[in-house]
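First residue of the sequence shown? That's -3 in this note's numbering, and the numbers climb one at a time after it.
Cβ atoms here follow ideal geometry from the backbone N, Cα and C, with glycine treated the same way.
Since the model is a prediction, treat every value here as computed from it, not as a measurement.
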Amino acid sequence: MDWELLKKIDPTKLIGGEGASPFNLITGEKEKTKASKDIPLSGLYYRKPSLKYNPHKGLCCSIEFFESQEKSIFDISLWKSITIGTAERYFVDACKFVVKNKPQKAIAKLGEVLNKDPQYSDAYFLMGCILMEAEQFDKANSCFQKVLLCQKSLGKEFKKYLPTFHVTLNLNLPSAFCIFPELLGSTILVSVSYWENGKKEDAISALEQSESIFPKNSGVLYLMTYLKLEMAKYNDIVTQLSNFEPSNSLDLATYTLLGTALYSSYDFSVSIQTLKNALKIAERLDQEDQTKLIRYHLGRAYLNKGDKFEGLQELKKIISLDVDYLDVNAILKDPFLGSTPYTKEKIKETVQETKVIDLVEKKPVMEKKDISSKIAIQEPVIIEKISEKTKIISDHEEKAITTSAESIKIDIAPSEVLPAISSQKAILTIQNTEEKFSIKSQEFTTIGRESTNDISFPDDFSISRRQARIVLQNGEFFVEDLGSTNGTYLNKRRISKKMSLKNNDEIQMGKKIFIFMLE
-3 MDWELLKKID
7 PTKLIGGEGA
17 SPFNLITGEK
27 EKTKASKDIP
37 LSGLYYRKPS
47 LKYNPHKGLC
57 CSIEFFESQE
67 KSIFDISLWK
77 SITIGTAERY
87 FVDACKFVVK
97 NKPQKAIAKL
107 GEVLNKDPQY
117 SDAYFLMGCI
127 LMEAEQFDKA
137 NSCFQKVLLC
147 QKSLGKEFKK
157 YLPTFHVTLN
167 LNLPSAFCIF
177 PELLGSTILV
187 SVSYWENGKK
197 EDAISALEQS
207 ESIFPKNSGV
217 LYLMTYLKLE
227 MAKYNDIVTQ
237 LSNFEPSNSL
247 DLATYTLLGT
257 ALYSSYDFSV
267 SIQTLKNALK
277 IAERLDQEDQ
287 TKLIRYHLGR
297 AYLNKGDKFE
307 GLQELKKIIS
317 LDVDYLDVNA
327 ILKDPFLGST
337 PYTKEKIKET
347 VQETKVIDLV
357 EKKPVMEKKD
367 ISSKIAIQEP
377 VIIEKISEKT
387 KIISDHEEKA
397 ITTSAESIKI
407 DIAPSEVLPA
417 ISSQKAILTI
427 QNTEEKFSIK
437 SQEFTTIGRE
447 STNDISFPDD
457 FSISRRQARI
467 VLQNGEFFVE
477 DLGSTNGTYL
487 NKRRISKKMS
497 LKNNDEIQMG
507 KKIFIFMLE
């Protein structure tokens, strides 16, 4: 391969729309990356998800190609003209089929590559990535294992035949873990293919074993911590990182996960101190996007502790920089937490707010039995304190409805009197399996992976811990996303606010599609 040509590849740019915006590299300095003869190493990058991002595939990787610094889009003919062997030419053809979104033809062509050169590790790597996108995780895992076998005698350096692509794992909305065709990338993908196939412990074991090959590697440590956080292994994270000191930007991302694990296990004071330290490091390293994510979790740590003022102050600092950041705007607009109350219920809310404060002072904000349902890094959820307040206000409204007509007129105008809701019934039916779930008629119904939800799917990791809820309001059903990682879709459109439900509406959460039916 012509190294002079390879040096023209700009690894900080991608093809297509908003996905072409430069990486904000947090594993190294961008200028040093551009000057390097090699493509950058696997690690965490903060950027907008590419147009190929599919929110229903969990950690399943997405393949992307680079363009040159001269702005010429990936040129198949150019690459074919500089390759010398038949296997390399076939490999370029396979890349062409990937670009044209023809995965089956790409896999067939990669098979021809391996017939010509059984040690062509890049072909196994790309084939594994295509199979991951197709959710054929066992076959993908086999491909990545073969990559490691091919490279066993070559040490840590890959023989890069055509290093013009990388894959991404979309961990959460503001970040992606980018994996390049090198030994560390393949080792990580072995773990990810286990994870996506439901073999969670095997995934973590694979990363732990890789520490012998890559001791103290920041990428391995970050991903291992992330997976443990997904499995709610908060104590394991705290024990593992008890003496951890960040030495680079990727370590700082791991340190942020430690802060999240601490407040998820109710150690609010230590969590706040950890996240404050992380903020100082991020500001010193001039990591703007990472600073926002740390500040987000610091705000939530304060709110979970019960310090409303400090929590809201941190979240407002994010809004001043990015009005659409995660679910910050929704939290600030919450009538029981933020600064904008619902005008219709203003008087009633003021009276009831005193009761809420009294209760918060007399008993803890969260109960130990709900530990598994608390917050993790990639899925913003409405914190328990908000839920308590909402419940208290709801109880107050229910009493108002069932009392005399005179008391109703005090709180609600005649035109706003709620209809009797006990007769309202609805069900959710999972498409294909026809499994049915009843929707509560007098309070909201929560849906998610945790067992504390009214409808739970503990083994489906495409669904967040607290994914969404169905609410009955003024005799009408609504669906509301709770800041889930992969989003909630109503009739194939992602929702960002509470949406009205009609008979036969389609609701998608992760990989599950529900049909909403009124009874």
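Straight-line Cα distance separating residue j from residue i
i, j, result
"Val95", "Ser261", "44 Å"
"Asn208", "Cys174", "First, the amino acid is wrong: residue 208 is Ser here, not Asn. If you take the alpha carbons of Ser208 and Cys174, they lie about 22 Å apart."
"Tyr298", "Leu254", "16 Å"
"Ile277", "Leu271", "10 Å"
"Thr448", "Lys112", "55 Å"
"Asp303", "Ser243", "31 Å"
"Ile491", "Phe510", "15 Å"
"Ile378", "Gly506", "The predicted position of Ile378 is uncertain, since its pLDDT is 34 and thus under 50; a value taken from the coordinates is nonetheless stated next. So the two alpha carbons sit approximately 19 Å from each other."
"Ser249", "Gln286", "For the record, residue 249 in the displayed sequence is Ala; it is not Ser. Those two C-alpha atoms are separated by around 8 Å."
"Phe210", "Met220", "13 Å"
"Gln427", "Thr484", "16 Å"
"Ser182", "Gln283", "28 Å"
"Asp232", "Phe240", "13 Å"
"Asp320", "Phe87", "41 Å"
"Val143", "Lys313", "46 Å"
"Glu178", "Ile184", "10 Å"
"Leu122", "Val163", "9 Å"
"Ile59", "Asn97", "10 Å"
"Tyr222", "Glu129", "21 Å"
"Lys421", "Asn482", "28 Å"
"Lys288", "Gly81", "48 Å"
"Glu131", "Glu515", "36 Å"
"Gly124", "Ile423", "40 Å"
"Gly307", "Leu478", "19 Å"
"Asn300", "Phe440", "22 Å"
"Ser245", "Asn499", "49 Å"
"Ser206", "Leu281", "28 Å"
"Leu180", "Ser117", "13 Å"
"Glu430", "Ser480", "24 Å"
"Lys521", "Asn470", "Because the chain in this structure spans residues -3 to 515, residue 521 falls outside the shown range and cannot be described."
"Ala172", "Ala83", "31 Å"
"Lys493", "Ala119", "44 Å"
"Lys488", "Pro454", "24 Å"
Minimum Cβ-Cβ distance from residue i to chain C less than 8 Å
i, result
"Leu55", "In the structure shown, chain C cannot be found, because there is only a single protein chain."
Neighbourhood of residue i by C-beta, 7 Å cutoff - its chain only, sequence neighbours within 5 removed
i, result
"Tyr190", "Asn137, Asp198, Ala199, Ala202"
"Leu486", "Val475, Met495, Asp501, Ile503"
"Ile290", "Thr252, Leu271, Ala274, Leu275, Ala278"
"Gln115", "Cys146"
"Asp247", "Ser214"
"Leu258", "Val234, Val266, Ser267, Thr270"
For residue i, three-class secondary structure by DSSP
i, result
"Leu144", "helix"
"Thr164", "strand"
"Val234", "helix"
"Leu322", "coil"
"Phe473", "strand"
"Thr221", "helix"
"Glu502", "strand"
"Arg445", "coil"
"Ser452", "strand"
"Lys432", "strand"
"Phe121", "helix"
"Leu308", "helix"
"Phe133", "helix"
"Thr82", "helix"
"Met212", "Correcting the residue identity first, residue 212 is Lys in this sequence and not Met. Lys212 falls in the coil class under three-state DSSP."
"Ile423", "strand"
Cβ shell of residue i (< 8 Å), same chain only, five flanking positions each side left out
i, result
"Ser496", "Glu472, Phe473, Phe474"
"Phe93", "Pro99, Lys101, Ala102, Lys105"
"Ile315", "Tyr321, Val324, Asn325, Leu328"
"Asp456", "Arg445, Gly506, Lys507, Lys508"
"Asn193", "Phe133, Asp134, Asn137"
"Glu108", "Tyr86"
Rounded distance between the beta-carbons of residue j and residue i, thought under 8 Å
i, j, result
"Leu165", "Val188", "6 Å"
"Phe140", "Val186", "5 Å"
"Leu294", "Ile268", "7 Å"
"Ile443", "Arg465", "7 Å"
"Leu468", "Ser434", "Not really, about 13 Å apart at Cβ, beyond 8 Å."
"Phe176", "Ser38", "5 Å"
6 Å CB neighbourhood of residue i in its chain, flanking five on each side removed
i, result
"Leu127", "Lys135, Ala136"
"Thr425", "Lys432, Ile511"
"Leu217", "Thr250"
Item to check | Runs of alpha helix (DSSP H) wholly within the region 226 to 287 (minimum 4 residues, chain order) | outcome: 230 to 236, 245 to 260, 264 to 280
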